[in-house]
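**Q**
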Amino acid sequence: MSERSNSDIRTRAFARVIGPFVTIVTAIIIYRAPTLSTTLSGFFENGIIVWETGALLLASGLAIIAFHQYWRGVAAVLISLFGWFLTLRGIALLAAPELMERGVGASMAHPNAVRGGFAVLALIGLYFTYVGWIAKPHPGADAQ
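Written out as structure tokens, the structure reads:
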């Protein structure tokens with residue numbers, strides 16, 4: 004199997020998981036944006052939940068980094084960047100939760116900006132879903 008077809012297969016596989024997840028979660032965040040400040044303040048009050056969330060973000064990001072280091076094509080680049088984003092966010096949440104809490108608090112003062120940012124993420128999730136589930140594999144890539 005060529006390196007190109009292997010990267011296409013892995014990109015499709017990751018897109019199948021990340022796409023629906025990101026689309027669903029961000030759509031719910033957009034819908035619940037007016038009540039998120041209450042939810043997030045409660046989140047940061049429980050240290051163990053913050054720690055577990057940081058650890059899960061770190062593990063998820065490292066898994067993407069370990070199994071998807073491809074930088075050719077829009078979907079592949081976005082998936083690789085997503086892995087790095089999760090990793091860095093997990094480290095920040097573990098190492099400096101108070102910094103993350105301040106950042107979240109500051110962003111809650113601008114709910115339309117938050118909704119806009121998550122709308123962009125929802126579109127990326129829809130794109131991943133398309134790449135993973137709907138788009139035809141590139142010629143030469145082994146079908147799954």
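To convert a position in the sequence shown, counted from 1, into the numbering used here, add 3.
We put the beta carbon where it would ideally sit given N, CA and C, even for glycine.
Using 10 angstroms around the beta-carbon of S10, count the other beta-carbons present and answer buried if the total reaches 16, otherwise exposed.
**A** Buried, because 16 or more other Cβ atoms sit within 10 Å of the Cβ of S10.
**Q** Which one of A66, L97, G22 and W87 has the shortest CA to CA distance from V123?
**A** Closest option to V123, judged by alpha-carbon separation, among A66, L97, G22 and W87: G22.
**Q** Any idea if R15 is buried or exposed, counting beta-carbon neighbours within 10 angstroms, 16 or more meaning buried?
**A** buried
**Q** Anyone know if the C-beta pair for F47 and P100 falls short of 8 Å?
**A** yes
**Q** Would you check if the distance between the CB atom of L102 and the CB atom of A95 is smaller than 8 Å?
**A** At the C-beta level, L102 and A95 come within 8 Å of one another.
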